[in-house]
Every structure is written in structure tokens, then in C-alpha cells.
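Residue numbers (my numbering): 31 to 246.
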């Protein structure tokens with residue numbers, strides 16, 4: 031590899047951000063942005079300037095609920111489908127969040143991941159670092175949408191001994207009567223999620239891609 035845009039792992043590089051290939055039909059909502067700022071970002075990606083009042087109200091209300099729940103400001107980014115899949119009423123989100131681990135004699139991240147594996151999680155790799163993946167339970171009773179699939183990933187970040195990144199997929203169906211093919215659509219989103227995970231790359235504080243390959 032050539033160029034100033036890369037840095038090797040063995041140089042002591044530490045992941046400060048990440049990059050990912052966003053699938054077509056998904057839009058990015060930056061973590062920590064206020065509802066109005068997030069709405070403007072979404073409209074830029076949808077090439078819309080004047081959404082209907084119902085869309086704006088529902089979107090801003092939803093973002094406020096997300097912000098209220100994110101009390102530790104851990105959410106890095108959310109990627110959501112630009113509306114439900116036609117004729118299926120199914121939508122999907124992928125949320126990246128930072129998970130700091132308190133420093134202690136027991137805060138060994140590899141042991142933490144192995145404990146997840148012992149509880150049934152599947153070992154995997156994200157960004158070249160160890161990770162685990164497992165299915166989460168369905169929605170809580172108070173949630174409006176019906177959750178079809180929910181999967182979580184915990185991944186180590188290069189250069190960090192007290193930080194993990196969680197990546198959570200949620201596939202939901204609206205309250206409309208059961209539509210044919212919803213299960214297949216949900217399964218397709220899970221396969222897409224697995225493909226997205228293979229595109230995650232860690233970057234250092236200068237935005238350089240951290241790589242295992244030699245850099246000239």
C-alpha cells in the first residue's frame with residue numbers, strides 16, 4: 031500500500047473513528063446531533079427540501095426519544111432505511127455505539143468476548159479485530175413496531191484495551207396486517223448486515239486507514 035492515507039497496526043495506531051460501506055437505500059444519522067440538525071442531514075441525503083409535516087413531526091419526535099435514551103452519548107451513527115420496503119412494511123436500522131469498559135483487574139476484553147461465546151454468541155471479526163455476534167430478544171411490549179430480527183455485535187477496536195464498539199441491527203414491521211414475505215425480507219437484511227460488517231475499517235486520529243499490510 032502506498033500513500034499518507036494508511037498506517038500499519040504494528041506502528042501502535044489506535045482506532046479513533048471508523049469507515050463503512052453504506053448500503054444503497056440507507057441514510058446516515060450522525061450520533062449526538064440534535065433532531066433538527068439530524069433532519070437536515072437526512073433531507074440532504076434524500077435530496078428533499080420540504081418534507082410533509084407528518085414526516086417531519088414523526089422524525090423529530092423519534093430522534094428526541096433516541097436522544098433521551100442515549101444518556102451517555104454513546105451512539106456514533108445510525109443507518110436507517112429510507113422508509114419501509116414497498117409491499118412488505120419492513121424497515122431496518124444499524125446503530126454503531128461506543129462501549130467504554132471500566133478499567134479494573136477484571137476488564138480483560140478478550141475474556142469478556144469469550145464469556146459471550148460461552149453464552150452462545152458466535153465469534154467473528156470486525157475491522158480486523160475480534161468480535162462476537164448474537165441474536166437479541168424481540169421488542170419490549172410497549173414498542174409500537176413488531177421486531178422481526180434483532181442482532182448485536184461487540185467488537186474490539188485496534189489499539190484499545192478498554193473500549194468496545196457495539197453494532198446493533200433491528201428489523202421491524204409496521205402495525206399493518208401481516209404482509210407476505212416479511213420473514214424473507216428480514217432474513218435478507220440480516221445477510222446484508224453481515225456483509226456490512228465486512229466493510230468496517232478503523233481509522234486513526236488523523237483519518238488514516240489502519241491496515242495489516244505494509245505501507246510504503
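Just so you know, even glycine gets a beta-carbon here, dropped at the ideal spot from N, CA and C. The structure displayed is predicted, hence computed values, not measured ones.
- Distances from the alpha-carbon of residue 126 to those of 156, 240, 117 and 210 put 156 closest.
- Cα atoms of residue 153 and residue 186: separation of roughly 12 Å, rounded to the nearest angstrom.
- Rounded to whole angstroms, the separation of the alpha carbons of residue 218 and residue 119 is 14 Å.
- Take the alpha-carbon of residue 234 and the one of residue 210: they are about 45 Å apart.
- Relative to the Cα of residue 182, the nearest Cα in the group 123, 245, 59 and 58 belongs to 123.
- The beta strand (DSSP E) runs lying completely inside the segment 110-150 and spanning 3 residues or more are 120-130, given in chain order.
- Between residue 188 and residue 39, the alpha-carbon positions lie close to 8 Å from each other.
- For residue 221, the enclosing alpha helix (DSSP H) starts and ends at 212-227.
- Cβ contact annotation for residue 121 (same chain, cutoff 6 Å, sequence separation greater than five): 111, 114 and 202, in chain order.
- Around the beta carbon of residue 51, fewer than 16 other beta carbons lie within 10 angstroms, which makes this residue exposed.
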